[in-house]
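Those protein sequences? They're chains P and C, same order as listed. The first sequence lines up with residues 1 to 267 when you count with my numbering. The second sequence lines up with residues 268 to 534 when you count with my numbering.
2 protein chains.
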Amino acid sequence: MNNDAIGVFDSGVGGLTAVSELNKILPNENIIYFGDTARIPYGSRSRETVLKYANEDIAFLKKHKIKMIIAACGTVSSVIGTNVLVDDMPFTGVLLPAAQAACSNTKNGRIGVIGTPATIRSGSFAKAIKTIRPGTVVVGNPCPLFVHLVENGYTDRDNKITKMVAAEYLAPMKAEGVDTLILGCTHYPIIKDIIADYMGEDVTLISSGKEAAKYAEICLVEKNLLTDRTENGHNTFYVSDSTELFEENAKNFLGTKINGEIFSSNL
Amino acid sequence: MNNDAIGVFDSGVGGLTAVSELNKILPNENIIYFGDTARIPYGSRSRETVLKYANEDIAFLKKHKIKMIIAACGTVSSVIGTNVLVDDMPFTGVLLPAAQAACSNTKNGRIGVIGTPATIRSGSFAKAIKTIRPGTVVVGNPCPLFVHLVENGYTDRDNKITKMVAAEYLAPMKAEGVDTLILGCTHYPIIKDIIADYMGEDVTLISSGKEAAKYAEICLVEKNLLTDRTENGHNTFYVSDSTELFEENAKNFLGTKINGEIFSSNL
């Protein structure tokens with residue numbers, strides 16, 4: 001048993017999809033979250049810059065008492081691929097949990113992946129899927145505007161602009177007849193209704209943040225690292241830009257006020 | 268006379284609108300440009316973070332032999348307002364030159380300003396315009412997606428998505444009957460045709476980067492700092508993320524290959 005917190009990081013509010021799932025399945029755990037809001041977005045940057053930022057985010061989390069790290073960021077997870085950035089505690093990105101969930105789900109062996117330009121350019125999702133289930137057809141498409149639409153509140157199911165952008169990005173997935181679509185960026189679940197409306201009800205959407213949270217639970221159980229706390233745990237959020245902007249974005253993102261204290265902190 | 272370079276900085280490719288104008292009106296001058304591509308965009312960040320980044324950008328430029336600094340970034344210029352970040356050489360942002368040009372141009376005393384959220388939130392353009400020409404009606408509207416549309420190449424005059432976004436952002440300007448519209452972010456001239464098509468031919472667009480370049484020429488003449496070089500000057504570009512991504516974005520932005528050497532440099 002271990003009462004230290006689970007460390008989670010992302011470039012912005014996207015990783016909150018993983019936090020929500022952790023709060024649901026592991027309500028007694030403490031979470032320490034770092035959102036690199038002063039340097040978002042990661043998905044349009046080079047591999048080298050993404051790696052540098054990820055290592056700095058991890059160094060920040062390690063200043064706190066944590067027992068595991070989740071890179072709740074599709075871009076970081078894809079850029080590192082199956083490498084591990086941490087060797088002294090359990091670590092996961094969203095790549096393998098999401099790839100595994102998609103492979104379990106698909107019936108016709110055709111999986112779509114949407115993510116940031118850096119995620120799609122890395123080819124990591126396709127590689128992971130083909131390792132887990134050889135012969136699968138993988139269709140990837142970068143969606144450079146989705147993060148900005150989400151961060152700027154263009155998230156209503158009826159939003160005309162987001163619907164038009166989604167139709168453009170998702171057309172290749174539909175044309176290829178995928179039955180499973182990985183939301184390879186943790187920002188995308190917030191517009192999942194728009195994505196689902198376009199793709200149709202026969203296509204299953206896989207939330208990469210949610211799958212990473214489920215995988216983290218298994219890790220902690222296996223390594224006997226769950227808390228023995230019986231009351232609810234606390235979320236603590238650190239961001240590299242202002243707490244007010246984060247609080248506002250998080251509220252748009254989650255649809256409710258963020259649950260936990262927020263601090264601003266330089267890396 | 269002084270043969271040092273003119274230093275120009277922006278968060279990304281936007282400031283190249285100022286460089287193009289400088290190359291045109293001062294062809295013998297050398298330019299040293301810094302684009303903070305590892306941390307773009309500035310316009311969605313807090314005032315404190317924008318100021319921190321701007322000071323770091325200036326410190327970088329000052330490591331080179333320069334005789335003047337142009338903050339070719341609407342967000343930085345607005346956040347500092349009429350303050351000056353440099354006291355040992357001439358300095359200008361885009362705020363006052365663009366405000367002055369708009370005030371000279373307007374006939375009906377109604378000026379529109381579009382910019383990033385940080386620019387509009389600062390209120391600096393409205394304040395500068397009302398100082399120069401009291402009684403002017405100023406209508407401001409933030410355009411959070413424009414920078415991302417431009418940086419991701421959604422720039423064709425017929426691009427449906429950019430046209431739809433533009434219509435949403437510009438509707439209040441049209442409704443208020445402005446006859447002059449300040450493009451308060453140096454990224455916006457690249458979609459000026461889309462903006463002009465929506466606003467109509469009776470509305471004059473003011474490019475803030477271009478106005479800053481024109482003002483810089485006056486500064487250099489006044490202070491006797493023009494070069495006495497008779498051959499063409501050189502542009503040298505430094506960026507905080509990869510040179511390849513910058514080269515690609517700059518090509519989309521300018522419509523031609525960038526004119527000068529590009530180096531990657533950590534701040």
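Glycine included, every Cβ here is placed at the ideal spot set by N, Cα and C. Keep in mind the model is a prediction, meaning the values are calculated, not measured.
Nearest-angstrom Cα separation, counted from residue j out to residue i
i, j, result
"V79 of chain P", "I529 of chain C", "24 Å"
"S265 of chain P", "F9 of chain P", "14 Å"
"H454 of chain C", "A175 of chain P", "34 Å"
"P401 of chain C", "E468 of chain C", "26 Å"
"A479 of chain C", "D156 of chain P", "39 Å"
"M164 of chain P", "L145 of chain P", "11 Å"
"G310 of chain C", "A385 of chain C", "5 Å"
"T17 of chain P", "N502 of chain C", "45 Å"
"V94 of chain P", "K481 of chain C", "50 Å"
"M466 of chain C", "I387 of chain C", "19 Å"
"E515 of chain C", "R377 of chain C", "38 Å"
"P439 of chain C", "H415 of chain C", "21 Å"
"A126 of chain P", "I70 of chain P", "21 Å"
"K490 of chain C", "D324 of chain C", "24 Å"
"V137 of chain P", "E151 of chain P", "31 Å"
"A59 of chain P", "A72 of chain P", "15 Å"
"A434 of chain C", "D158 of chain P", "17 Å"
"E498 of chain C", "V286 of chain C", "17 Å"
"F237 of chain P", "G260 of chain P", "7 Å"
Short CB-CB distance (under 8 Å) between residue i and chain C
i, result
"H148 of chain P", "yes"
"I262 of chain P", "no"
"D156 of chain P", "no"
"R121 of chain P", "no"
"A38 of chain P", "yes"
"V165 of chain P", "yes"
"D179 of chain P", "no"
"T49 of chain P", "yes"
"R229 of chain P", "no"
"L245 of chain P", "yes"
"L145 of chain P", "yes"
"S46 of chain P", "yes"
"N30 of chain P", "no"
"N83 of chain P", "no"
Integer-rounded CB distance, given that residue j should sit under 8 Å from residue i
i, j, result
"C219 of chain P", "M68 of chain P", "7 Å"
"S124 of chain P", "G81 of chain P", "5 Å"
"L61 of chain P", "F34 of chain P", "6 Å"
"I461 of chain C", "T429 of chain C", "6 Å"
"I299 of chain C", "H331 of chain C", "5 Å"
"L352 of chain C", "N322 of chain C", "6 Å"
"V406 of chain C", "V445 of chain C", "6 Å"
Spatial neighbours of residue i in its chain, beta-carbon cut-off 6 Å, leaving aside the 5 residues before and after
i, result
"N295 of chain C", "T494, R496 and G500"
"T304 of chain C", "G279, V506, S507, D508 and F513"
"T471 of chain C", "N372 and T447"
"K192 of chain P", "L205"
"D354 of chain C", "none"
Proximal residues to residue i (C-beta, below 7 Å), its chain only, five neighbours per side dropped
i, result
"I399 of chain C", "A366, Q367 and C370"
"Y169 of chain P", "I114, N141 and C143"
"L293 of chain C", "E484"
"A250 of chain P", "V13, L16 and I258"
Own chain, CB closer than 8 Å to residue i, minus 5 neighbours either side, in chain order
i, result
"N3 of chain P", "N30, T227, D228 and R229"
"I333 of chain C", "D271, A272, I273, G274, I299 and M356"
Cβ of residue i within 8 Å of any chain P Cβ
i, result
"I428 of chain C", "yes"
"N408 of chain C", "no"
"R377 of chain C", "no"
"R400 of chain C", "no"
"L283 of chain C", "no"
"D508 of chain C", "yes"
"L534 of chain C", "no"
"N419 of chain C", "yes"
The segment 445 to 457 of chain C contacting the segment 373 to 391 of chain C, beta-carbon criterion three pairs below 8 Å: yes
The segment 473 to 491 of chain C in contact with the segment 353 to 371 of chain C per 3-pair CB rule at 8 Å: yes
Validate contact between the segment 249 to 262 of chain P and the segment 38 to 54 of chain P using beta carbons, cut 8 Å, 3 pairs: no
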